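Worksheet: one structure, shown below.
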Amino acid sequence: MDKNLLKLPYVPQRGRTTCWAACAAAIVDYHYQYDYSSLTILTMAAEHGIVVTGKNGANLTQAKKLLDLFGGVNRVRYRHLTFAELIEAIDDGCPLWMSSIIADGSSNTGHAVVAYGYRRGPDGGGTMYYMDPAGAMRMADFPKDGPVIYTNGGAMFRNNGFIVCRSGI
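If you count the sequence shown from 1, you need to add 6 to reach our numbering.
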């Protein structure tokens, strides 16, 4: 298959540091056909003792704890995603919660997005389709061995970790 897109809903973030919650809501909504917002997820996180403070929102460990409330996570990796891993997860029906930082290293500012599809390119890489809760459904070029770099509001972000959310979490 040259292209595969999951039917992931768009969930906007409601505040500067709630991208992680919007991404979690989109994944839960995808698997269960709920209509959760980032605010619903923030409330659930607090109720379960998942406290997120600071300018960057949740980290991978906190996001995993939250997604585990809905039945679990397939894989967590504290490194960049490869294109082959993206294809494997999407073909298994699993969207990916992706953690990213400013690409040039000038800041530790982070952002979260959800990868929901791909299109193969001729060189072994291709295009990643992702839900950016701060904007829209977007696409980014993805080199064969990664990391994928995408833009948000003029800033360039580099993927530095991901969670594969298995079907039926």
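All C-beta atoms, glycine included, are put in the ideal place defined by N, C-alpha and C.
Small disclaimer: the values here were computed from a predicted structure and weren't measured.
Every unbroken beta strand (DSSP E) inside the region 48-131 [3 residues or more]
Fully enclosed beta strand (DSSP E) runs of 3 or longer: 81-83, 102-108, 116-126.
Practice prompt. Work out the CA separation of P128 and W26 for me, nearest whole Å.
Written response: Translated into the one-based positions of the sequence shown, residue 26 becomes position 20. Translated into the one-based positions of the sequence shown, residue 128 becomes position 122. When rounded, the distance between both Cα atoms is 32 Å.
Sequence-distant residues of the same chain with beta carbon closer than 6 Å to R126, five excluded per side
To locate residue 126, count along the sequence shown from 1; it is residue 120. Contacts found: D8, G132.
_Can you tell me whether Y40 is buried or exposed? The criterion is at least 16 other CB atoms within 10 Å of its CB, across all chains shown._
In the sequence shown, residue 40 corresponds to position 34, counting from 1. Y40 comes out exposed.
Review point. If we call anything under 7 Å between Cβ atoms a contact, is D138 one with V119?
Key: Position 132 of the sequence shown holds residue 138. Position 113 of the sequence shown holds residue 119. Against a cut-off of 7 Å, the Cβ pair of V119 and D138 comes out as a contact.
Evaluate the contact criterion for the region 46-56 versus the region 89-98: three or more CB pairs, one atom per stretch, below 8 Å.
-> Three or more Cβ pairs closer than 8 Å define a contact, and the region 46-56 falls short of that threshold against the region 89-98.
Whole-angstrom distance between L102 and Y16, CA atom to CA atom = Sequence index remark: in the sequence shown, residue 16 carries index 10 (1-based). Sequence index remark: in the sequence shown, residue 102 carries index 96 (1-based). Each residue's Cα considered, the two are about 14 Å apart.
**OP:** Using alpha carbons as the reference points, say which of L45, G99, K150, R144 lies closest to N10.
**Re:** One-based indexing of the sequence shown puts residue 10 at position 4. It is G99 whose Cα lies nearest to the Cα of N10.
* To do: Can you say whether D151 is buried or exposed, counting buried as having 16 or more other CB atoms within 10 angstroms of its CB?
  => If you number the sequence shown from 1, residue 151 lands on position 145. It counts as exposed.
When you compare each of V79, I96, F76 to Y122 by their alpha carbons, which one comes out closest? Position 116 of the sequence shown holds residue 122. Checking every option, the nearest Cα to that of Y122 belongs to I96.
Margin query: Judging by CA-CA distance, which residue of C171, R164, I56 is the nearest neighbour of G116?
Written below: Mapped onto the sequence shown, residue 116 falls at position 110. If we check each option's Cα against that of G116, R164 comes out closest.
- request: Check the DSSP bridge columns for D147 and list the partner residues they point to.
  value: Position 141 of the sequence shown, counted from the start, is the residue given in the question as residue 147. Here D147 is bridged, per DSSP, to T133.
#### Entry: Given I107 as reference, the closest of G63, L73, K70 once Cα atoms are compared
Locating residue 107 in the sequence shown gives position 101, counting from the first residue. Taking only the C-alpha atoms, the option nearest I107 is G63.
Excluding the 5 residues preceding and the 5 following I47 in the sequence, name in chain order all residues of the same chain whose CB lies nearer than 6 Å to its CB.
Residue numbering aside, residue 47 sits at position 41 when the sequence shown is read from its first letter. Counting only Cβ-Cβ distances below 6 Å, and skipping sequence neighbours, we find A27, A30, A31.
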